[in-house]
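Q: Whatever position you read off the sequence shown (first residue = 1), add 32 for this note's numbering.
First, the structure itself, so that you have it in front of you.
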Amino acid sequence: MCEYATVPPQKQVRLPRSVPLAFGQSIGYHYRKKHPLFDANAMISVRVRCYAELNDRLPPALRQRAFPHHADVGDTVADLVRALELSAEEVDLILVNGTSVGWNELLHDEDAVSLYPVFESFDISTLTRLRRRPLRRPRFVLDVHLGKLANHLRMVGFDTAYNTHAHDADLVKLASEEHRTLLSKDRKLLQNESLLRRYLVRATDPRLQLIEVLRRFDLFNMLQPFTRCIECNTALVQIAKEEVLHRLPQKVRETYNEFQVCTHCDRVYWKGSHYERMREFIEAVKRDGTREIGEARV
Ligand SMILES: [Zn+2]
33 MCEYATVPPQ
43 KQVRLPRSVP
53 LAFGQSIGYH
63 YRKKHPLFDA
73 NAMISVRVRC
83 YAELNDRLPP
93 ALRQRAFPHH
103 ADVGDTVADL
113 VRALELSAEE
123 VDLILVNGTS
133 VGWNELLHDE
143 DAVSLYPVFE
153 SFDISTLTRL
163 RRRPLRRPRF
173 VLDVHLGKLA
183 NHLRMVGFDT
193 AYNTHAHDAD
203 LVKLASEEHR
213 TLLSKDRKLL
223 QNESLLRRYL
233 VRATDPRLQL
243 IEVLRRFDLF
253 NMLQPFTRCI
263 ECNTALVQIA
273 KEEVLHRLPQ
283 KVRETYNEFQ
293 VCTHCDRVYW
303 KGSHYERMRE
313 FIEAVKRDGT
323 REIGEARV
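What follows is the structure, encoded as structure tokens:
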């Protein structure tokens, strides 16, 4: 139980959203000074659990598990994040006793605090994000059975590692080293304890798999179609027509003026009939995928 139940109602301590930890002094300190009911020396104990790469910043003994943290009465979530020496920019979601909260949430004795990084394999779309959208785009690695989904994810611009010859150990290693989310239909593979980000794909049709993943990770606002090589996952760059002219079929030479090239595999892309079909495919995926859940059991 909270032994400070008689403290005044929570004061809204306003923190700038982008740089909440730039203050020289603890918000909790100011709060305590203004509210003499607080015993300046009183401490509370909360339990903290950090997820995914936030663990990298912790001492080894505190990683991947809940640990006790002693805080001053009046300390906020922002104070806790600072005390753990985490960067505020890395934290995207904070749950206190299972409820999402902002930086200015006051901590109470025995609170359970979960800290999630900017992107995590965890559906947080209905919760309070600390910023409007994740700071970084998610990156994926797919198991050998999800080749078409890999193509689709690349087509809409997501960094997607895929290799038909990859072994399970390779996938796990890549996911860990490059902070990628492993997508698979293999429950056993996903049970590997060293995987921080993983998602079990349920759908069997590649189009429905794409919708499932975009929904699960709340990515419909982050699509960047036709910016990545579908063959090798490298970002595409614009290239002048005259530089690729000698490589183009006659009809393409006569019809198209805009070209992109993959700087890794040298494949040339232009907006031909295949492009139109893919564009329609993406529009349909966006339409079906962003319908109210329940209405569209696509
Ligand atoms: Zn390529």
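Every residue gets a Cβ at the ideal spot worked out from N, C-alpha and C, and that includes glycine.
1) Could you give the C-beta distance for N183 and I262, rounded to a whole number, given that I count them as a contact under 8 Å?
2) Listed in chain order, which residues are found with a beta carbon closer than 6 Å to a heavy atom of ligand 3?
3) Grouping DSSP H, G and I as helix and E and B as strand, with all else coil, what is A193?
4) With DSSP run on the structure shown, which of helix, strand or coil describes V80?
5) Do L181 and V204 have their beta-carbon atoms positioned less than 7 Å apart in this structure?
6) What is the residue span of the alpha helix (DSSP H) that I243 lies within?
7) Among L280, R247, V145, P257, which one has its Cα closest to the Cα of R323?
8) In its own chain, which residues sit with a C-beta less than 8 Å from the C-beta of V284, not counting the 5 before and 5 after it?
9) Which partner residues of M75 appear in the DSSP bridge assignment?
10) Going by beta carbon distance, what residues of the same chain come within less than 7 Å of A267, once the five residues before and after it are set aside?
11) Is it buried or exposed for S216, if we count other Cβ within 10 angstroms and need 16 for buried?
12) Helix, strand or coil for S305, going by three-state DSSP, please let me know.
13) Classify V128 as helix, strand or coil using the three-state DSSP reduction.
14) Quick check: the Cα distance between D104 and I76, rounded to an integer number of angstroms?
15) In the structure shown, what three-state DSSP assignment does T295 receive?
16) Name the residue from N253, G106, P91 whose alpha carbon lies nearest to the alpha carbon of W135.
17) Among A93, H306, L147, D218, whose alpha-carbon lies nearest the alpha-carbon of R81?
18) Closest to D143 by C-alpha separation, out of P238, P170, V109, E290, would be which residue?
19) Return yes when the Cβ of E137 is within less than 7 Å of the Cβ of V145, no when it is not.
20) Classify L221 as helix, strand or coil using the three-state DSSP reduction.
21) Taking all protein chains shown into account, do 16 or more other C-beta atoms lie within 10 angstroms of the C-beta of C297, making it buried, or fewer, making it exposed?
22) Less than 8 Å between the CB atoms is what I'm expecting for R89 and E117, so what's the real figure, rounded?
23) Taking Cβ to Cβ, would you say V245 is nearer than 7 Å to A207?
24) Which residues in the same chain as K273 place their Cβ atom closer than 7 Å to its Cβ, once the five residues preceding and following it in sequence are excluded?
A: So, from the data block:
1) Numbered from 1 along the sequence shown, position 151 holds the residue referred to as residue 183. Numbered from 1 along the sequence shown, position 230 holds the residue referred to as residue 262. The Cβ separation is near 5 Å, so the contact holds.
2) Ligands present in the displayed structure are limited to ligand 1, and ligand 3 is not among them.
3) Along the sequence shown, one-based indexing puts residue 193 at 161. The answer is strand: DSSP assigns A193 an E or B state.
4) Sequence index remark: in the sequence shown, residue 80 carries index 48 (1-based). In the structure shown, the three-state DSSP call for V80 is strand.
5) On the sequence shown, residue 204 is found 172 positions in, with the first residue counted as 1. On the sequence shown, residue 181 is found 149 positions in, with the first residue counted as 1. No Cβ-Cβ contact shorter than 7 Å links V204 with L181.
6) On the sequence shown, position 211 is the one that residue 243 refers to. Looking at the DSSP string, the run of the alpha helix (DSSP H) that includes I243 is 238–248.
7) Counting from one through the sequence shown, the residue named residue 323 turns up at place 291. That would be R247, whose Cα lies nearest to the Cα of R323.
8) Mapped onto the sequence shown, residue 284 falls at position 252. Within the same chain, V284 has close Cβ partners W302, G304.
9) For the purposes of this step, residue 75 is taken as the residue at position 43 of the sequence shown. Partner residues in the beta bridge of M75, as assigned by DSSP, are D104.
10) Counting from 1 along the sequence shown, the entry for residue 267 is found at position 235. Counting only Cβ-Cβ distances below 7 Å, and skipping sequence neighbours, we find T259, R260.
11) Within the sequence shown, residue 216 is the residue found at index 184, counting from 1. With 16 or more other Cβ atoms within 10 Å, it is buried.
12) Here residue 305 corresponds to residue number 273 of the sequence shown, with the count starting at 1. In the structure shown, S305 sits in a helix (DSSP, three-state: H, G or I).
13) In the sequence shown, residue 128 corresponds to position 96, counting from 1. DSSP places V128 in strand when its eight states are reduced to three.
14) As a working note, residue 104 is residue 72 in the sequence shown. As a working note, residue 76 is residue 44 in the sequence shown. Rounded to the nearest whole angstrom, the CA to CA distance from D104 to I76 is 6 Å.
15) Walking along the sequence shown from the start, residue 295 turns up at place 263. If DSSP states are grouped into helix, strand and coil, T295 belongs with coil.
16) The residue given as residue 135 occupies position 103 in the sequence shown. Its Cα nearest to that of W135, the residue G106 stands out among N253, G106, P91.
17) If you number the sequence shown from 1, residue 81 lands on position 49. Taking R81 as reference, the option from A93, H306, L147, D218 with the minimal CA-CA separation is L147.
18) As a first step, residue 143 is located in the sequence shown; it is residue number 111 there, counting from the start. Considering only alpha carbons, the answer is V109.
19) The count along the sequence shown starts at 1 and reaches residue 145 at position 113. The count along the sequence shown starts at 1 and reaches residue 137 at position 105. Result no, Cβ atoms of V145 and E137 do not sit closer than 7 Å.
20) In the sequence shown, the residue the question calls residue 221 occupies position 189. Helix.
21) Within the sequence shown, the letter at position 265 stands for residue 297. Under the 10 Å beta carbon count, C297 is surrounded by fewer than 16 other beta carbons and is classified as exposed.
22) Residue 89 sits at position 57 when you count from the first residue of the sequence shown. Residue 117 sits at position 85 when you count from the first residue of the sequence shown. About 6 Å separates the two Cβ atoms, so the contact holds.
23) Residue numbering aside, residue 245 sits at position 213 when the sequence shown is read from its first letter. Residue numbering aside, residue 207 sits at position 175 when the sequence shown is read from its first letter. Annotated as distal: V245 and A207, with beta-carbon spacing of 7 Å or more.
24) Mapped onto the sequence shown, residue 273 falls at position 241. Counting only Cβ-Cβ distances below 7 Å, and skipping sequence neighbours, we find N289, F291.
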